[in-house]
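*Asks:* Protein chains in written order, with our numbering: chain E, -9 to 272; chain P, -9 to 272.
If you scroll down you'll find the structure; I have some questions about it.
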């Protein structure tokens, strides 16, 4: 790459850091790339850090020493988080989503890749201080959000399936009871898609009684893996008995009346978690 | 936002543009945000444009006039594309992936969100001049790549399913013949997850005879939608008869010997397509 002035370096470094979250980048990477002194690179990073932090884009951690460098941790400002949670609630409140049987049509939200990225960033902002090695979800509708979280945390995504496919080698299966329908179902994960002992964040699009999430927890146990957290886009507040205690949710359906076509939605607990995090830090 | 100097503006604008691909941003958005003259903003954009284009990050199109602004179109440089295709081939060549029955284990690649993003960017670079309104894929393993393409093109993703789920309202189903196994199967797409008349890019992780892709084409026909293109991560060069002619592929399996545990992989046709595109432009 040809020698760049500060203005050019700032654009290129911003791009590079955003593309490499949670990765330790040695300063020599930048100083060699731009043929610039490390002191100039350090000054560039001060400018980037200031904007990233004031705009809630993320944190820039500098690790000193010979094996040091800089690390970008994606984050989200409080205002942006509130707006996002508000947008999720507003989208969910459209009565048009109510399907026969009281189900909710959500593919318009789940099919919006950029929107899912934002929700993924919100989760990863809350999780940025936790040790997480992998994200797990169950096919099909949890996948978009799981990938958005995996990308921002820079960890792999494992997909649990409800069917048996021969094309993934040795599989681990468990039976679980769906909390709402009380039926016994099977879920399966390819043996080699998750390392034993991993700290895993569980993601799903919707949680009612929590049977599916509970099933994933049992499956993780079979892999000697630890549950590092649980996050769902939407939880139903109408569940009589919940099989899962500690989880993050972006929105909560308080009431759904199929006959009158009304939905009452309120923010989930993500914002509260975010505030607790902030207090812990200060 | 407080008034920013050029250096701060460049970092913030770079971030904003990367987050809003294919969206027309009026210059007033930036001039109001930073309390700066439009002339300064224009100068900032010249700097960003130069770096984005020289580094193969993407193009910055400026639309003049009162309703004008700036638009970021993600792209990929030729060198980066070659490296990426090489990396896909190299990963695929590991003999360890061969499963009983001659299947290939690919979840390690498909589970890497950032890697999928890069492949998605490669596809969207080739597609950036086409009119595409939606991306479609079939559950489960095509989903990560489909979302990566959808995100870079800023269009919604629709997920075709092989099972019948009652939770998505009115569905359109078709029967199709799997090209390899010759069995009749069903695929289903929620009526409201795709607008009639859309120009749709079809994505899948793997294509052998092309039966699944052919099925999606038939399904699109039921939606009065047009096939704007087809892209697969891996194609099998061993298919006797292919049901699909025109498609993009990142890598091609030329030979797979289950007994000797050898895989021969070569680059697919994406790079050729990229070159043709470049010639058309010059």
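Note that the Cβ used here is the ideal one computed from N, Cα and C, for glycine as well.
For residue 82/P, report the span of its alpha helix (DSSP H) as first-last.
*Replies:* As a first step, residue 82/P is located in the second chain; it is residue number 92 there, counting from the start. 68 to 82 is the extent of the alpha helix (DSSP H) around residue 82/P.
*Asks:* Taking Cβ positions, are residue 59/P and residue 8/P nearer each other than 7 Å?
*Replies:* As a first step, residue 59/P must be located in the second chain, where it is residue number 69. As a first step, residue 8/P must be located in the second chain, where it is residue number 18. No, they are not a contact pair.
*Asks:* Please confirm whether residue 270/P has its beta-carbon closer than 7 Å to some beta-carbon of chain E.
*Replies:* If you number the second chain from 1, residue 270/P lands on position 280. No, no contact with chain E.
*Asks:* Tell me where the alpha helix (DSSP H) around residue 130/P begins and ends.
*Replies:* Within the second chain, residue 130/P is the residue found at index 140, counting from 1. Premise fails: residue 130/P is in no alpha helix (DSSP H) and is neither H nor E.
*Asks:* Could you check whether residue 136/P and residue 66/P sit closer than 7 Å to each other, using their CB atoms as the reference points?
*Replies:* Here residue 66/P is taken as the residue at index 76 of the second chain, counted from 1. Here residue 136/P is taken as the residue at index 146 of the second chain, counted from 1. Against a cut-off of 7 Å, the Cβ pair of residue 136/P and residue 66/P comes out as no contact.
*Asks:* Could you tell me how far apart the beta carbons of residue 97/E and residue 124/P are, in whole angstroms, since I believe they sit closer than 8 Å?
*Replies:* Locating residue 97/E in the first chain gives position 107, where the first residue counts as 1. Locating residue 124/P in the second chain gives position 134, where the first residue counts as 1. About 12 Å separates the two Cβ atoms, so there is no contact after all.
*Asks:* How many Å lie between residue 34/E and residue 257/E at the Cα?
*Replies:* For the purposes of this step, residue 34/E is taken as residue 44 along the first chain, with counting starting at 1. For the purposes of this step, residue 257/E is taken as residue 267 along the first chain, with counting starting at 1. Those two C-alpha atoms are separated by around 39 Å.
*Asks:* Looking at the strands, I want to know which residues DSSP matches up with residue 149/P.
*Replies:* Here residue 149/P refers to the residue found at position 159 when the second chain is read from its first residue. Partner(s): 127/P.
*Asks:* Give the single residue among 223/E, 162/E, 225/E, 252/E whose Cα lies nearest to the Cα of residue 205/E.
*Replies:* Here residue 205/E is taken as the residue at index 215 of the first chain, counted from 1. It is 162/E whose Cα lies nearest to the Cα of residue 205/E.
*Asks:* By DSSP, does residue 95/P sit in helix, in strand, or in coil?
*Replies:* Position 105 of the second chain, counting from 1, holds the residue named residue 95/P. Here residue 95/P sits in coil by DSSP.
*Asks:* Could you tell me whether any Cβ in chain E is nearer than 7 Å to the Cβ of residue 27/P?
*Replies:* Taking the first residue of the second chain as position 1, residue 27/P is located at position 37. By this cut-off, residue 27/P is not an interface position.
*Asks:* First and last residue of the beta strand (DSSP E) that includes residue 59/E?
*Replies:* Here the question's residue 59/E lines up with position 69 in the first chain. 59 to 64 is the extent of the beta strand (DSSP E) around residue 59/E.
*Asks:* Quick one: which chain P residues come within Cβ less than 8 Å of residue 225/E?
*Replies:* Mapped onto the first chain, residue 225/E falls at position 235. Simply none; closest approach about 16 Å.
*Asks:* Taking Cβ to Cβ, would you say residue 164/P is nearer than 7 Å to residue 209/P?
*Replies:* Residue 164/P sits at position 174 when you count from the first residue of the second chain. Residue 209/P sits at position 219 when you count from the first residue of the second chain. Against a cut-off of 7 Å, the Cβ pair of residue 209/P and residue 164/P comes out as a contact.
*Asks:* Buried or exposed for residue 225/P, please, with buried defined as at least 16 other CB atoms from any protein chain shown within 10 angstroms of its CB.
*Replies:* Locating residue 225/P in the second chain gives position 235, where the first residue counts as 1. Answer is buried; the Cβ neighbour count reaches 16.
*Asks:* Between which residues of its own chain and residue 47/E is the CB-CB distance below 6 Å, once the five residues before and five after are set aside?
*Replies:* Taking the first residue of the first chain as position 1, residue 47/E is located at position 57. Here the set comprises nothing.
*Asks:* Starting from residue 271/E, follow the beta strand (DSSP E) in both directions and report where the run begins and ends.
*Replies:* Within the first chain, numbered from 1, the residue matching residue 271/E stands at position 281. Unbroken run through residue 271/E is the alpha helix (DSSP H), 260 to 271; no beta strand (DSSP E).
*Asks:* What's the gap between the Cα of residue 99/P and the Cα of residue 73/P?
*Replies:* Numbered from 1 along the second chain, position 109 holds the residue referred to as residue 99/P. Numbered from 1 along the second chain, position 83 holds the residue referred to as residue 73/P. Approximately 16 Å, taken between the alpha carbons.
*Asks:* Return helix, strand or coil for residue 237/P, following the three-state DSSP convention.
*Replies:* Counting from 1 along the second chain, the entry for residue 237/P is found at position 247. Residue 237/P falls in the coil class under three-state DSSP.
*Asks:* Please return the same chain residues whose Cβ sits closer than 8 Å to the Cβ of residue 141/E, not counting the five positions on each side in sequence.
*Replies:* As a first step, residue 141/E must be located in the first chain, where it is residue number 151. Around residue 141/E: 11, 107, 110.
*Asks:* Going by other Cβ atoms of all chains shown within 10 Å of its Cβ, with 16 needed for buried, is residue 90/P buried or exposed?
*Replies:* Within the second chain, the letter at position 100 stands for residue 90/P. Exposed is the call here.
*Asks:* Using a Cβ cut-off of 8 Å, pull out every chain P residue sitting near residue 183/E, in sequence order please.
*Replies:* Taking the first residue of the first chain as 1, we reach residue 183/E at position 193. Residues of chain P passing the Cβ test: 97, 98, 101.
*Asks:* Check this for me: beta carbons of residue 133/E and residue 133/P, under 7 Å apart or not?
*Replies:* Here residue 133/E corresponds to residue number 143 of the first chain, with the count starting at 1. Here residue 133/P corresponds to residue number 143 of the second chain, with the count starting at 1. A contact, by the Cβ cut-off of 7 Å.
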